[in-house]
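Peer 1: Quick note, this note's numbering runs 728 ahead of the 1-based positions in the sequence shown. Ideal Cβ placement from N, Cα and C applies to all residues, glycine included.
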Amino acid sequence: MLPENILHARLTFLSHFPHNQRATATNFLLQAIRAGCNEPNQVVGYALETACRRCHLEAAQTFLSLFENNPEALLAGARWALWWESLSPEEKQQLREGRAEEAIERWMEQNPPTDRQLAYLNRLGYRGPTPANRLEASRLIDELVKGVRHA
Numbered sequence: 729m730l731p732e733n734i735l736h737a738r739l740t741f742l743s744h745f746p747h748n749q750r751a752t753a754t755n756f757l758l759q760a761i762r763a764g765c766n767e768p769n770q771v772v773g774y775a776l777e778t779a780c781r782r783c784h785l786e787a788a789q790t791f792l793s794l795f796e797n798n799p800e801a802l803l804a805g806a807r808w809a810l811w812w813e814s815l816s817p818e819e820k821q822q823l824r825e826g827r828a829e830e831a832i833e834r835w836m837e838q839n840p841p842t843d844r845q846l847a848y849l850n851r852l853g854y855r856g857p858t859p860a861n862r863l864e865a866s867r868l869i870d871e872l873v874k875g876v877r878h879a
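What follows is the structure in structure tokens.
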């Protein structure tokens with residue numbers, strides 16, 4: 729789990745970029761750290777130089793515009809990137825997996841249960857109310873299979 733201040737810094741930075749530009753904008757910051765920058769202002773300066781060289785990219789244009797309009801958001805992104813690069817590969821992987829799991833659960837909550845889930849619940853003997861979404865159905869199935877819940 730990300731510390732609250734780091735999560736806020738990441739979201740402050742990313743909120744200024746459309747989804748299709750976020751990876752490029754983040755890479756500007758990460759490249760700066762990998763090049764040896766270790767202070768937020770250094771990271772932003774290096775990333776701005778990179779964005780200037782790659783000004784043909786929309787993300788670079790947004791990055792440069794952000795410097796003019798909200799430099800604190802770039803510094804917040806730099807603080808997040810410095811924190812991220814301080815993690816071990818194992819810690820990074822664990823966080824990635826956690827974010828992926830959260831994204832899957834959000835998607836499952838927005839979709840109705842599948843016919844296969846409902847049929848399986850029926851075969852497991854479930855007679856309660858129809859689950860509201862795929863996530864609820866999945867959790868019911870897990871409980872019934874493990875014997876935690878009684879039909």
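Could you tell me which of C783, L758, R782 sits nearest to V772, measuring between CA atoms?
Peer 2: What you label residue 772 is simply residue 44 of the sequence shown in a count that begins at 1. The residue with the shortest Cα to Cα distance from V772 is L758.
Peer 1: Please look up how many angstroms separate the CB atoms of A828 and P768, rounded, as I've assumed it's under 8 Å.
Peer 2: Working through the sequence shown from its first residue, we reach residue 828 at position 100. Working through the sequence shown from its first residue, we reach residue 768 at position 40. That belief does not hold up - the Cβ atoms of A828 and P768 are roughly 28 Å apart, past 8 Å.
Peer 1: Give the range of the alpha helix (DSSP H) segment to which H736 is assigned.
Peer 2: For the purposes of this step, residue 736 is taken as residue 8 along the sequence shown, with counting starting at 1. Looking at the DSSP string, the run of the alpha helix (DSSP H) that includes H736 is 732-742.
Peer 1: Drop a sphere of 10 angstroms on the beta-carbon of L849, count the other beta-carbons inside from all chains shown, and report buried for 16 or more, exposed for fewer.
Peer 2: The residue given as residue 849 occupies position 121 in the sequence shown. It counts as buried.
Peer 1: Using 9 Å as the threshold, is the C-beta distance between L776 and F795 below it?
Peer 2: Start at 1 with the first residue of the sequence shown, and residue 776 comes out as number 48. Start at 1 with the first residue of the sequence shown, and residue 795 comes out as number 67. Yes, the pair counts as a contact, with Cβ atoms nearer than the cut-off.
Peer 1: CB-CB under 6 Å to W811, same chain, minus the five flanking residues each way: which ones, in chain order?
Peer 2: Numbered from 1 along the sequence shown, position 83 holds the residue referred to as residue 811. Excluding positions up to five away in sequence, the list reads I734.
Peer 1: I'd like to check one pair, L815 with L823: are the Cβ atoms closer than 9 Å?
Peer 2: Translated into the one-based positions of the sequence shown, residue 823 becomes position 95. Translated into the one-based positions of the sequence shown, residue 815 becomes position 87. Yes, the Cβ-Cβ distance between L823 and L815 is below 9 Å.
Peer 1: Flag this pair as yes or no: are the beta carbons of A801 and A788 separated by less than 9 Å?
Peer 2: Translated into positions along the sequence shown, residue 801 becomes position 73. Translated into positions along the sequence shown, residue 788 becomes position 60. No, the Cβ-Cβ distance between A801 and A788 is not below 9 Å.
Peer 1: Terminal residues of the continuous alpha helix (DSSP H) containing P841?
Peer 2: For the purposes of this step, residue 841 is taken as residue 113 along the sequence shown, with counting starting at 1. From DSSP, P841 is part of no alpha helix (DSSP H); its letter is neither H nor E.
Peer 1: Once the 5 residues before and after L742 are set aside, which same chain residues still bring their CB inside 7 Å of it?
Peer 2: Position 14 of the sequence shown, counted from the start, is the residue given in the question as residue 742. Cβ within range, chain order: R750.
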